[in-house]
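In this note's numbering, the protein residues as written are 1 to 217.
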């Protein structure tokens, strides 16, 4: 996937995850939000933080990593997405391998592409009107990311209703699902090298230890 594609994907996931940041007491909890509210409210918070402290995040990538890590995971269904990405390999993986893969996969994404978020501004991310019913258990929230040329890239988020509220599990950019794309990439690598080698590579790239903790660098 291109850098723009990855950037759009991460901005969207960050927008969804950002509602976990501290909010005023009167604000509804994440479990009470509709899919569109979750995306809209969280995008606003994330982009305000980037706008307010852009220089700091540019000069200190570790703080950007921390911001990304703190706001992404709470409202993104990481285990569900990882299970789909691994496909058949998930079923044969041990509980330890599954946990390590979930941790390493997302930390690797953040490490490799998080810096691209520093220059992202609010006027480049638009949430389109949501079409869905109150009783739905799955949802698609449509957004657009504007290129520097002015062209608009469609970025759609797939969400599922869980006991904790709505959670995102996939991002479809210009018709391409990131879950399906990574599933194809990992399936080939796992077949050639084995699951443990793939997990170890991701842990190294994302500076993540086997227990899921970030490793100093």
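Just so you know, even glycine gets a beta-carbon here, dropped at the ideal spot from N, CA and C.
- Across the structure, residue 190 and residue 198 are spaced so that their CA atoms are roughly 6 Å apart.
- DSSP places residue 61 within a helical segment (H, G or I) once states are collapsed to three.
- For residue 121, the number of other beta carbons within 10 angstroms of its own is below 16, and it is reported as exposed.
- DSSP places residue 177 in the strand class (E or B) of the three-state scheme.
- Residue 193 counts as exposed, since fewer than 16 other C-beta atoms from the protein chains shown sit within 10 angstroms of its C-beta.
- In the displayed model, residue 144 falls within a strand according to three-state DSSP.
- If you draw a 10 Å sphere on the C-beta of residue 165, you find 16 or more other C-beta atoms in it, and that means buried.
- Following the DSSP letters along the chain, one finds residue 149 in no beta strand (DSSP E), marked with neither H nor E.
- Apart from sequence neighbours up to five positions away, the residues of its chain that approach residue 159 with a beta-carbon distance below 6 Å are 35, 139, 166 and 168, ordered along the chain.
- For residue 126, DSSP records a beta bridge to 144.
- For residue 80, same chain residues with a beta-carbon under 6 Å away, outside a window of 5 residues either side, are 169 in chain order.
- The secondary-structure analysis by DSSP pairs residue 167 across a beta bridge with 160.
- By the Cβ-count criterion, residue 176 is exposed, with fewer than 16 other Cβ atoms from all chains shown falling within 10 Å of its own Cβ.
- For residue 172, the pairing in a beta bridge is given by DSSP as 156 and 177.
- In this structure, residue 141 sits near residue 39, with a CB-CB distance shorter than 8 Å.
- Excluding its 5 nearest sequence neighbours in each direction, residue 144 has C-beta neighbours in its own chain below 7 Å: 126, 128, 152, 153, 154 and 155, listed in chain order.
- Of 183, 123, 171 and 134, the smallest CA-CA separation from residue 32 is found for 134.
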